[in-house]
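In the UniProt record's numbering, the protein residues as written are 1 to 452.
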């Protein structure tokens, strides 16, 4: 029997695209469908930006070092570099479709957003579920990509529900069972409880959201602070009246932490810089843009703040390059005094995919003599230079006879290209000796093969 409508009942919806980066790669490169795809840097410092569900079956996941993910997956692993412009275009198409039925959405990142459909005010759980299924069908029809959707009375429960619905599913948490469902979950499932606060709560024997909700406000304040702690405590008790609203696009993405004990040596400072760079990188990956400027923020024990920045030759999402730039900005605490806060930020954010043929723009810039920025017009020239390492695996290319393709591998004076797009089905592979005059750089967006 269907649930009866409830006058004034609020339904918040969370749309979360499934394995978005890897799914877009599989969409635009049909040969990769059904294969364990890892998106990210290949170098020793490379990090997984996205993993297909086939790769996750081996234990690979986002934010894992690439060498570890490749070891887990083994020989079947397919590693491709991120293509920010393609993901951004796919994201825009997804959420343009969502806006046709939910005009106001709150984007959290490239691949997830909240909505509060006016059509669902006072609706039953069955009606909410049907709405979500129709929305998922619309997204798939417009893009070829799958989404998971969660619904509940607020943002917190909707986001938890979409995570539980993955992959390619819907979960509706009816308000009648919401508190029981929420309180049975591990406390780390509460949006805003991270590793540090989770560990603090674990030491107190707080294992579930229900345990946390049962604490007195004074206890919460003593553990997590008044502002953040009490806000999280309300969420744990099922109180979530936050509105869904449009968000302005961030101009900088950053992460910073205040140390329990001041840092007085360069070694520990470098460890904190690496940690902050990685945390900011996770947010950058979720945002989907490239960063060109790295900012290091150091607050000294006397509360004075030092900031230094470096601008890279091209925008990038490569964690190794971004971390290396941040490390070069480090100042020795023996020279500047004890450091109590360390932060790393990325700015100069852009969705423009700057075409490079080599893996490390930072290393290019640092090498003597400095290599030039490699724009698309340099592609043919670089192909023809014998001492060049060749085109980057994963790069989009165009051949006068075969059309659009992507580089599957290169070396020993040859390049192998797979010619395919979203609409082609698995394409033919061809190997060419270098230089190949008929082969040149292509716009990655053409792999989507959308008329608009």
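Glycine included, every Cβ here is placed at the ideal spot set by N, Cα and C.
| query | result |
| --- | --- |
| Name the DSSP beta bridge partners of residue 16, please? | 112, 148 |
| For the alpha helix (DSSP H) that contains residue 92, what are its first and last residues? | 84–99 |
| Compute the distance between the beta-carbons of residue 101 and residue 135, then report whether it is under 8 Å. | yes |
| In three-state terms, what does DSSP make of residue 127? | helix |
| Identify which residue in 20, 191, 29, 27 has its Cα closest to the Cα of residue 51. | 20 |
| Any chance you could list the alpha helix (DSSP H) runs of at least 4 consecutive residues sitting entirely within the region 171–249, in chain order? | 175–183, 195–203, 209–213, 217–224, 226–236 |
| Note the first and the last residue of the continuous beta strand (DSSP E) segment covering residue 253. | 253–263 |
| Under three-state DSSP, which class holds residue 377? | Confidence at residue 377 is low in this model, with a pLDDT of 32, below 50, so the placement of that residue is unreliable and no value is reported for it. |
| Out of 399, 55, 297, which one is the CA nearest neighbour of residue 74? | 55 |
| Helix, strand or coil, according to DSSP, for residue 301 in the structure here? | coil |
| Is the beta carbon of residue 289 less than 8 Å from the beta carbon of residue 28? | no |
| In this structure, how does DSSP classify residue 58 when only helix, strand and coil are distinguished? | coil |
| Alpha carbons only, please: which of 332, 106, 448, 310 is nearest the one belonging to residue 158? | 106 |
| Which partner residues does residue 346 have in the DSSP bridge list? | 253, 294 |
| Going by Cα to Cα distance, which pick from 428, 403, 440, 395 is closest to residue 39? | 395 |
| For the region 250–270 against the region 306–316, are there 3 or more C-beta pairs whose distance is under 8 Å? | no |
| Which residues does DSSP list as the beta-bridge partners of residue 414? | 411, 433 |
| Can we say the region 238–253 touches the region 217–226, given the rule of at least three CB pairs closer than 8 Å? | no |
| So residue 117 packs on residue 131, CB below 8 Å; how close in whole Å? | 6 Å |
| Restricting to Cα atoms, I'd like to know which of 424, 427, 411, 418 is closest to residue 433. | 411 |
| List the residues that DSSP assigns as beta-bridge partners of residue 419. | 428 |
| Determine the DSSP secondary structure at residue 139, reduced to helix, strand or coil. | helix |
| Looking only at its chain, what residues have a beta carbon closer than 6 Å to the beta carbon of residue 198, apart from the 5 residues adjacent to it on each side? | 188 |
| So, with DSSP's three-state summary, where would you put residue 339? | strand |
| Please work out which residues of its chain come closer than 6 Å, Cβ to Cβ, to residue 443, disregarding the five sequence neighbours upstream and downstream, and give them in chain order. | none |
| Can you give the Cα-Cα distance for residue 446 and residue 404, rounded to whole angstroms? | 8 Å |
| Going by Cα to Cα distance, which pick from 238, 345, 322, 191 is closest to residue 257? | 345 |
| Quick one: give me the first and last residue of the beta strand (DSSP E) that residue 49 is part of. | 48–51 |
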